[in-house]
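A.B. asks: Add 19 to the 1-based position in the sequence shown for this note's numbering, that's all there is to it.
Note that the Cβ used here is the ideal one computed from N, Cα and C, for glycine as well.
On a predicted model such as this, the values are computed, not experimentally measured, just so you know.
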Amino acid sequence: MSLKISVLLENHLAKRRHNSPRLISRPGLCLLIDDGQDRLLFDTGPDDSFLKNAQNMGIDLSTLTATLLSHGHYDHCGGVPWLPENTRIICHPAISQPRFAALTVAGIKVKFKKLSIDVDYSRFIQEPTSTPVNISSRFMWSGEISTPSPKAYGVLGDPAQSTDYIQDEGVLIYKSAQGLVIITGCGHKGIINIVRHCQKITGITRIHAIVGGLHLRSASPWALWKIRRFLRKENPTYIFACHCTGWWGKLWLPSLHSPATGEVVTIPE
């Protein structure tokens, strides 16, 4: 059995071949994951681009097992209004928190860009959870990922304007015969923390593949060196790094591939 991942939306387009469909790229992520039994949509990008791309790729999204939302940033859950009626949505309870990018000026946090989006979930079957959930015999939702030293990413909405540590970020886990396949949205929690969390909650140490955003666009050389050393030790068979990994991060990571919008990735057992 193989895991098939169709990239319905990513920051970049795959090179267009003769007679291939015209697709849309947007900053964001949307993956359709299919193991032959379950069909899961992971994130939805910022708008309806994922749906248009699916139609042009000949992919039917009416028979989804569930949709997973990695966190509440607009480029990952902005496409929710275009999901089929009564879609099962698994996400963190805090996914709808208003959040903003911010600068600190004279000790005061100043908001300058809204990162969340107002989504009406009433048409869907929403299953909010901060703890791990088994979706099927092989698929698992990570729940909230704790980190020893959480990193700040802007502020939450009024009135508190408290620091936003992306508490709601989670990942999708597939238990393959060769080890874990870990699918990330942005990877704000850090890929080392994410991998260790997944190993802990599954009891499986072997990592078969890592897929998704790794949030390394502004990582320091020291941080990248630690990640590179960690990944070499874990030795995943595949690394498919996309979305917000950044060219700087990709330069440092060993043996990775960067899938683009319209590409279909197959991960064999």
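Quick check on E253: does DSSP put it in helix, strand or coil?
C.D. replies: For the purposes of this step, residue 253 is taken as residue 234 along the sequence shown, with counting starting at 1. In the structure shown, E253 sits in a helix (DSSP, three-state: H, G or I).
A.B. asks: Can you tell me whether P255 is buried or exposed? The criterion is at least 16 other CB atoms within 10 Å of its CB, across all chains shown.
C.D. replies: For the purposes of this step, residue 255 is taken as the residue at position 236 of the sequence shown. So P255 counts as buried.
A.B. asks: Just how far apart, CA to CA, sit A120 and H95?
C.D. replies: Here the question's residue 120 lines up with position 101 in the sequence shown. Here the question's residue 95 lines up with position 76 in the sequence shown. Near 16 Å, if we compare the C-alpha coordinates of H95 and A120.
A.B. asks: With a 10 Å radius around its C-beta and 16 neighbouring C-beta atoms as the bar for buried, classify A73 as buried or exposed.
C.D. replies: Position 54 of the sequence shown, counted from the first residue, corresponds to residue 73. A73 should be labelled buried.
A.B. asks: What residue range is occupied by the uninterrupted beta strand (DSSP E) comprising D53?
C.D. replies: As a working note, residue 53 is residue 34 in the sequence shown. Run containing D53: 49-53, per the beta strand (DSSP E) assignment.
A.B. asks: Where does P40 land, buried or exposed, given buried means 16+ other C-beta within 10 angstroms?
C.D. replies: The count along the sequence shown starts at 1 and reaches residue 40 at position 21. So P40 counts as exposed.
A.B. asks: Does the Cβ of A228 have 16 or more other Cβ atoms within 10 Å, making it buried, or fewer, making it exposed?
C.D. replies: Here residue 228 refers to the residue found at position 209 when the sequence shown is read from its first residue. Buried, by the Cβ-count rule.
A.B. asks: So, at 7 Å on beta carbons, what are the nonlocal neighbours of S81 in its own chain, with the 5 sequence-adjacent residues on each side left out?
C.D. replies: On the sequence shown, residue 81 is found 62 positions in, with the first residue counted as 1. Excluding residues within five positions, the ones whose Cβ falls inside 7 Å are P103.
A.B. asks: Ignore the nearest five residues each way along the sequence and tell me which others in K132's own chain have a CB closer than 7 Å to its CB.
C.D. replies: Position 113 of the sequence shown holds residue 132. Here the set comprises F119, A120.
A.B. asks: Count the CB pairs spanning the region 191-205 and the region 43-59 that are closer than 8 Å, and state whether there are at least three.
C.D. replies: The region 191-205 vs the region 43-59: in contact.
A.B. asks: May I ask which residues mark the beginning and end of the alpha helix (DSSP H) holding F143?
C.D. replies: Against the sequence shown, residue 143 aligns to sequence position 124. Where F143 is concerned, there is no enclosing alpha helix (DSSP H), given that its DSSP letter is neither H nor E.
A.B. asks: With a Cβ-Cβ cutoff of 8 Å, do G162 and T182 count as a contact?
C.D. replies: As a position in the sequence shown, residue 162 is number 143, starting the count at 1. As a position in the sequence shown, residue 182 is number 163, starting the count at 1. Against a cut-off of 8 Å, the Cβ pair of T182 and G162 comes out as no contact.
A.B. asks: Using a Cβ-Cβ cutoff of less than 6 Å, which residues in the same chain neighbour S21 once the five nearest sequence positions on both sides are dropped?
C.D. replies: By one-based count along the sequence shown, residue 21 stands at place 2. Within the same chain, S21 has close Cβ partners T285, P287.
A.B. asks: Given that a residue counts as buried once 16 or more other Cβ atoms are within 10 Å of its Cβ, and exposed if not, what is T106?
C.D. replies: Indexing the sequence shown from 1 puts residue 106 at position 87. Classification for T106: buried.
A.B. asks: Looking at Y140: is its Cβ nearer than 8 Å to the Cβ of I109?
C.D. replies: For the purposes of this step, residue 140 is taken as residue 121 along the sequence shown, with counting starting at 1. For the purposes of this step, residue 109 is taken as residue 90 along the sequence shown, with counting starting at 1. Contact: no.
A.B. asks: With a threshold of 6 Å on Cβ separation, who are the neighbours of G206 within its own chain once the five nearest residues in sequence on each side are excluded?
C.D. replies: Counting from 1 along the sequence shown, the entry for residue 206 is found at position 187. Once the five neighbours on either side are set aside, the close Cβ partners of G206 are G232, L233, H234.
A.B. asks: Starting from the C-beta of G173, find all residues in its chain whose C-beta is less than 7 Å away, skip the five residues before and the five after it, and write them out in chain order.
C.D. replies: Taking the first residue of the sequence shown as 1, we reach residue 173 at position 154. Taken in chain order, the residues that qualify are R118, F119, A120, A121, L134, D183.
A.B. asks: Taking the beta carbon of I154 as the centre, do at least 16 other beta carbons fall within 10 Å, making it buried, or is it exposed?
C.D. replies: Start at 1 with the first residue of the sequence shown, and residue 154 comes out as number 135. So I154 counts as buried.
A.B. asks: Just to check my reading of the structure: G91 and G64 have Cβ atoms closer than 8 Å, yes? What is that Cβ distance to the nearest angstrom?
C.D. replies: Your numbering for residue 91 matches position 72 in the sequence shown. Your numbering for residue 64 matches position 45 in the sequence shown. Rounded, the Cβ-Cβ distance is 14 Å, inconsistent with contact.
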